[in-house]
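Asks:
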Amino acid sequence: MIKSTGKASTIARTLMSRTGFSSSGIILIAILAVLPFIPPFNSEYILRWLVVGAFMAAQAVAFDLTAGFINVVNFGFAAILGVGAYTSAILANTGPHIIVQPGISPWIGIFIGAFASAFLGFILGFLTLRLRGLYAAIMAWFVGIALLGLARTLTPLTRGSLGMSPPSFFDTPSNMPYYYLALGMMITIYIVTKLVTTSHIGLAFKALGQNFDAARASGINPTFYRVFNFTLSCFFAGLLGGFYAHYFVSMTPKAIMHTSKSVETLAIAFIGGRGFLWGGIVVAFPFVFLLEYLRSALPQLPGIHIIIYGVLMILVMIYYPNGVAGFITELKKKLWRLRKPEKT
Amino acid sequence: MKENTEVLKTLGDSILEYIKRKPAVPGAIAVTVVIAIIIGIAGGPAQVVNAIVAGGMWALLATGLTMILGVMNVPNFFHGESFMVGAYTAYFIFTPIHLYLMDNPNKFLSTIAPFAGFFAAAVIGFILGSILEKLVFYPLRSKTKERWVMNSFLLTVGVSYILSNGVNLVLGPNFRGIPRYWDVPPIKFFTIRLTVDRLFAFFLAMVVLLLLWYFMGKTRTGRAIRAVSQDEAGAAMVGININNIHTLTFSLGTSMAAIAGAALLFMFQAYPTVGLRPLYYAWYVVMLVGLGNVSAAVVGGFIVAFLQTATQQFFGIEWGEVVPTVVMMIVLIVAPSGIFGSEVKGIQEQ
Amino acid sequence: MLPISCFLPIWTSLNHALKCKGIRMVILQVIDMVKKFGGLTAVDKVSLQVEEGQIFGVIGPNGAGKTTLLNCITGAHKPTSGIVNFLGEENLAGSPPEVMCKKGISRTFQISRPFPRLTVLENVTVGAAFGAQSHARESAEERALEALEYVHFPLPEDTMAGHLNAVQLKRLDLARALAGGPKLLLLDELAAGLTEGELADIMKLIKRIRERGITIVIVEHIMKLIRGVCDTIAVLDYGKKISEGKPEEVMRDPKVIEAYLGE
Amino acid sequence: MLKVENVDSGYDFLQVLWGINIEINRGEFVALIGPNGAGKTTTLRTISGLLKPKGGRIFFKDELISNLPPYEITHSGLSYVSEDLNLFVNMPVYENLLMGAYIIKDEKKIKQTMEYIYELFPRLAERKKQLAGTLSGGERKMLAIARGMMSNPEMLLVDEPSLGLAPYLVRNVFDALKTLHGEGLTILLVEQNVNATLDITDRAYIIEQGKIVLSGKSKDLARNEHVQNVYLGI
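Chains as they are written, first to last, in our numbering: chain A, 1 to 344; chain B, 1001 to 1350; chain C, 2001 to 2263; chain D, 3001 to 3234.
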């Protein structure tokens, strides 16, 4: 009996370490889970910010899978997210505004949308296969612009710039269920990404991202791993796109697919720390709060939040290229080194 | 007589040799000519002329971009914002003069008034470039060179969003434009009607490019810029102050984009995100011809302008971004470093 | 004096007889390899034969095409023409590097190519996990540790590879190549920049690796190392093979003395 | 003329030089000899300013230069010909030479120097208009040395000019250096070709593992037991 609990706890511990949840990670998640019941956060108004925070955090994790590991900045990320959103929205449509009325439940549509995005990611992976670093980033940007153009052009399906109003997930005005849905998605995406990146696949990603030729000479097949990486990252993007469609219930091509949306995700992921995955999560919530607060407090200064994003990103890139997560990790190491002599 | 044929023969041989070495070059030019002829037949010669005018501008923009890339290895994402700054500068310089001239007509002054706008845009662009280089890229460079291309690229992305949103904050999202610089009737040329503004924009682009060519090829400083782009350590060894050359190059590139913005004010009104399309086309040219390849960027500008005109002609204006991207994908699959090949060292490294 | 070629048929049949008895097998065979860069012919019709268990040296002045030849064998460059046979598989020339690695050819680089933001252990684990004898992650890590120990890596395993110096990086490269469990190991100027003591150390290490049953091809500048460990050497000059044989013989070849050893 | 005082130097995570002392008088031809990786190139890079010393001071013509950026050191009359040459490969030979004279503004003087260089290296005169990237190995070395000479330096630092050259070309390069020295140039030469180097230089320093272990007249060093053992293979 005792032995088996011991075994169970070891398994739990390995699972914890594999999924990357340290005790502080568990505490963070617990706090996020009870947050909607604690006073300033239990108003619908603030709750909405929390939803956006979880949504941005999940995006940052999915984005970091490509940017932080295989070193390709996917500038078409927002556009691919938009493809997921549009697919799900079109599938859920019942109204006469567009030519098809499949009326599929959003709960199914969101996955079909994710697969559509994954397929695009698959293609993007192949397209950028022979291109390295910068070329791949610019190519992804072009693809993003083309997708945005398509969403605007295919008016019979998307109503073009007028935008669509897909149905919502839940039949309630409350943000509460959406918050848990977003949080759940964030945690799931994080766990899956972490599992992949701590396995030997993640090692292959990092090797390819840091020295392409040496990775190949060590027997890593670049085609498989890069395409796999893009496909997975874009699958998550599509999933989040579906969430966007059925949460905000109104969308235009520019509002979700524009390059500036990719840049927002990029800023959060990079300020959080490239290749750390959890950096984006730590940064996303305070950021969304700060920026939403600024937006509501200073309505006379439109776009101030993007300027702050920009300035912070520049400062981080110059003075702390490993971001917040890198800073925390180093701090921890230093503290640990300080504590060590006391022990002995 | 005999000498002449001999010269022609050697010339022919060297051209043949060149074609053998780089078959993509005549191919690209041939494709462009074919597209131009098709446009000419389907849309009339006016379309061809318009495409040539636009081509001059994309060439100017792409040259600035590719120069910064070649010399500093900085892939500039705020080139469009430099364009925007040029447009605003020209607007704020030209409009008051224009209003004054409406009350006190003066033929000479109204002829040269636009030049004040262009000149101011060039100067402001230059100053902006120097400030940003010293403020943003110099610190990064002195800090670390690791992952330089990607990091500097992300810095330019940050700068781009700060600039466009900053302008939005200060000046608002309103469009500010002018109908035309010169209030004179368009020039008629067979069936083509060409406004003086367009003609002049093209002329200005060509003059700037010629001046740049002279500067890079024949002057001491221009040679120093080329030297830095080819071997930084070697340049330092012969006594070139690399930091100054970097700042100068950056300022020149920014200034060129600003001139383009000023010259096209009659077409692109000034507003905070006006730079997006020019940025897209400048990058399109640079990717198409190969990163850092300055002379090829000029040819590429025209190729892209014809491609763009053809897309609008045959698919409609709303396909303006979709079709070129598909073409780009095909080109990059065939030639991963552009039609004319990349000349930037280190850009492939990670 | 009879020309040497008269003895060739005899030598060939002798070799064949030995091979039939399984005494020495040819593991790598390069036939008429040519590699051109634009107008420059970097490797010009080079043929090599490396027997199993041999330490084979390739020497020559700078720019003689040694590294290019190596790149053509490992697939990093696509040869213009020529044949590569390895371990009984015919005509592998032009296969991508990852395929060659899986087939059992590992290499080190002239200028080491680490994964700078991975630890030393992770660097070597990459080699172990994706090399010729790839296994699951855990056992890959064990084999990586073993390889690090084998090459006497002097620093802790959790050092970031980006913080190593050139000599340590060469060791890391070697450990990574070994961890893949190769049949054939190609070493590109492994000893550049070493002191006398380190040189003796690396020579011992190379011999130990051979004792594990790994065939080794060395591209090197340092004659002392070549003389100390190689069974056979080939000399390249301006892309052509100008001599081949036992080190002492080759050193006496007037062509080699003229081209390489100089004054 | 050049005085290197207790210099420590190296790269980010690696110190290569440990308290190097070198002193060279005007008009001397001095060699710096040592095995691969001993820090010869690092020494030259540190003197020329491409690397910042971690400790110690360097004086040139009694002026402190160890805190100056490389281009100012070139301005003060010290020219460096590096091991990897650092030529401008997409420029023709004459433009490379022009770049060498970057710090000189007097056109006439540039022209004179260029003519003198062409006399010294007739091979370069023949290939004036050829791109530097298409020259052969020996011609490149010549061009690098010629470019170093174009700034009319008072002292030349030359890093392994014989590396990868055929023997007769090495002799050419060494002859050129000898001629330059004969005309009053101070030279610090880094070499692996110990025999030939000790033959043409006045004095030499031996560097091992980042420290100067021996110094003295070249003739004496050639007879030194340690040198004979390690470098001359006797």
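Just so it is clear, CB atoms sit at the ideal spot from N, CA and C, and this is done for glycine as well.
(1) Run the CB neighbour count on H246(A), radius 10 Å, all protein chains shown included, and call it buried at 16 or more, exposed below.
(2) So, at 7 Å on beta carbons, what are the nonlocal neighbours of K1218(B) in its own chain, with the 5 sequence-adjacent residues on each side left out?
(3) Thinking A3146(D) and I3117(D) are a contact (beta carbons under 8 Å), I'd like their distance in whole angstroms, please.
(4) Kindly say whether A1296(B), judged by its beta-carbon, lies nearer than 8 Å to any beta-carbon of chain D.
(5) Check this for me: beta carbons of G2075(C) and I2218(C), under 8 Å apart or not?
(6) Should the region 1155 to 1170 of chain B be called in touch with the region 1070 to 1081 of chain B, which here means at least 3 C-beta pairs below 8 Å?
(7) What in chain C is Cβ-close to R216(A), meaning under 9 Å?
(8) At the 8 Å Cβ level, is I1330(B) part of the contact set with chain D, yes or no?
(9) Once DSSP output is grouped into helix, strand and coil, what is the label at E2258(C)?
(10) Across the region 1086 to 1096 of chain B and the region 1107 to 1127 of chain B, are there enough close Cβ pairs to call them in contact, namely three or more that are closer than 8 Å?
(11) So, for R337(A): in the same chain, excluding its five sequence neighbours on each side, which residues have a beta-carbon less than 7 Å away from its beta-carbon?
(12) Mapping the DSSP letters down to three states, classify M2203(C) as helix, strand or coil.
(13) Using a Cβ-Cβ cut-off of less than 7 Å, list which residues of the region 1131 to 1154 of chain B approach chain A; keep chain order.
(14) In the DSSP assignment, what residue or residues form a beta bridge with N2085(C)?
(15) What separation, rounded to the nearest whole angstrom, lies between the Cα atoms of G1125(B) and V2151(C)?
(16) Is the Cβ-Cβ distance between L3044(D) and D3159(D) less than 8 Å?
(17) Jot down the residue ranges of each uninterrupted alpha helix (DSSP H) in the region 237 to 302 of chain A, minimum 4 residues, whole runs only, in chain order.
(18) Can you list the residues of chain A that E2122(C) reaches, using a CB-CB cut of under 9 Å?
(19) Does the region 3064 to 3074 of chain D come into contact with the region 3107 to 3121 of chain D, if we say contact requires no fewer than three beta-carbon pairs (one atom in each stretch) closer than 8 Å?
(20) Mind listing the chain A neighbours of Y1280(B)? Cutoff is C-beta to C-beta under 7 Å, in chain order.
(21) Taking the Cβ atom as the reference point for each residue, do V2229(C) and I2206(C) lie within a distance shorter than 8 Å?
(22) Since I believe K3003(D) is in contact with E3028(D) (beta carbons under 8 Å), could you give me their beta-carbon distance rounded to a whole number of angstroms?
(23) When you compare only the Cα positions, how much space is there between S199(A) and A1262(B)?
(24) Compute the Euclidean distance between the alpha carbons of D3008(D) and T3041(D), then round it to the nearest angstrom.
(25) Mind checking whether N3096(D) and L3087(D) have CB atoms under 8 Å apart?
(26) With distances taken from CA atoms, which of G2127(C), S2243(C), S2139(C), D2173(C) is nearest S2047(C)?
(27) Based on the DSSP output, what are the partners of K2240(C) in its beta bridges?
(28) Can you name the residues of chain D whose CB is closer than 8 Å to the CB of D1231(B)?
(29) Based on Cα-Cα distance, which residue from G2162(C), P2154(C), L2121(C) lies nearest to A2144(C)?
(30) Just the C-alpha distance for V3173(D) and K3061(D), rounded to the nearest angstrom, thanks.
(31) What does DSSP give as the partner residue(s) for V3170(D) in the beta ladder?
(32) Going straight from the alpha carbon of G1172(B) to that of V1274(B), what length do you get?
(33) Along chain D, which residues have their Cβ under 7 Å away from the Cβ of G1234(B)?
(34) With DSSP run on the structure shown, which of helix, strand or coil describes V2034(C)?
(35) Any beta-carbon of chain D closer than 8 Å to the one on G1239(B)?
(36) Work out the CA separation of K2103(C) and F171(A) for me, nearest whole Å.
Replies: Considering the structure as presented:
(1) buried
(2) none
(3) 5 Å
(4) no
(5) no
(6) yes
(7) G2075, A2076, P2096, P2097, E2098, C2101
(8) no
(9) helix
(10) yes
(11) none
(12) helix
(13) V1136, P1139, L1140, K1143, V1149, M1150, N1151, F1153, L1154
(14) Q2029(C)
(15) 57 Å
(16) yes
(17) 253 to 257, 259 to 272, 278 to 297
(18) L203, K206, A207
(19) no
(20) I145
(21) yes
(22) 13 Å between Cβ atoms; not a contact.
(23) 54 Å
(24) 14 Å
(25) yes
(26) S2243(C)
(27) D2237(C)
(28) N3086, L3087, F3088, V3089
(29) L2121(C)
(30) 27 Å
(31) For V3170(D), which the question treats as bridged, DSSP gives no partner whatsoever.
(32) 13 Å
(33) N3086, L3087, F3088
(34) strand
(35) yes
(36) According to the sequence provided, residue 171(A) is Asp. The question's Phe does not apply to it. One C-alpha to the other measures close to 59 Å.
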